[in-house]
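> Sharing a structure, written as structure tokens. Questions coming.
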Amino acid sequence: MAAMFRFVCANGIVCGDTLHDVRVRHNGDAVNTIIEGAYTMLESFERVGEQLEEMKSLTLNEGEQMAFARAALTLKYENAEKPAPITERDLLTPRRFSDRASDMWTTFSRVQENLIKGGIRGRNKSGRP
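Take 1 as the starting number for the sequence shown in the UniProt record's numbering and just add one per residue.
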């Protein structure tokens, strides 16, 4: 299984995803299957690396970042009648200096971490903390 992980800070949070899964049966020509699988995984890493660099090359203005965070809130809190307990600004707040960039990859990482890790003080439906 090939995967790409990003270690976030010294606290051990890991963000990642499975890129490719190669299964090898333990009979027949297993050696060639393993070699072919290794090349397949290397190609997957190259494609993901290219996509990551493309995301890093896209700069988002403040409005685009807010729209991205709003879309993430909509996905997480689907109930339109009940407002999300956190705001777009909360999701875009960097937790470390290196996460202050405005590129697509950094924006995605900030929003993802703030949604998953938590620790953001929410508000009830009347707006009180």
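C-beta atoms are modelled at their ideal positions from N, C-alpha and C, and glycine is treated no differently.
Can you name, in chain order, every residue of its own chain whose Cβ lies under 7 Å from the Cβ of Leu52, other than the five neighbours on each side?
Result list for Leu52: Trp105, in chain order.
> What does DSSP give as the partner residue(s) for Thr59 in the beta ladder?
Answer is Asp103, bridged to Thr59.
> Is the Cβ-Cβ distance between Asp103 and Leu73 less than 8 Å?
Cβ atoms of Asp103 and Leu73: not closer than 8 Å.
> For the alpha helix (DSSP H) containing Asp29, name the first residue and the last one.
Premise fails: Asp29 is in no alpha helix (DSSP H) and is neither H nor E.
> Grab the span of the alpha helix (DSSP H) containing Arg95 for me, first residue to last.
No alpha helix (DSSP H) holds Arg95; DSSP gives it neither H nor E.
> In this structure, how does DSSP classify Thr87 when only helix, strand and coil are distinguished?
If DSSP states are grouped into helix, strand and coil, Thr87 belongs with coil.
> For Phe108, tell me which candidate among His26, Leu60, Thr33, Glu36 has the shortest Cα-Cα distance.
Per the Cα distances, Leu60.
> Leaving out the 5 sequence neighbours to the left and right, which residues in its chain are closer than 8 Å to Arg110 when beta-carbon positions are compared?
Leu91, Leu92, Thr93, Pro94, Arg95, Asp99.
> If we ignore side chains and look at the alpha-carbon of each, how far apart do Met66 and Asn79 end up?
C-alpha separation (whole angstroms): 19 Å.
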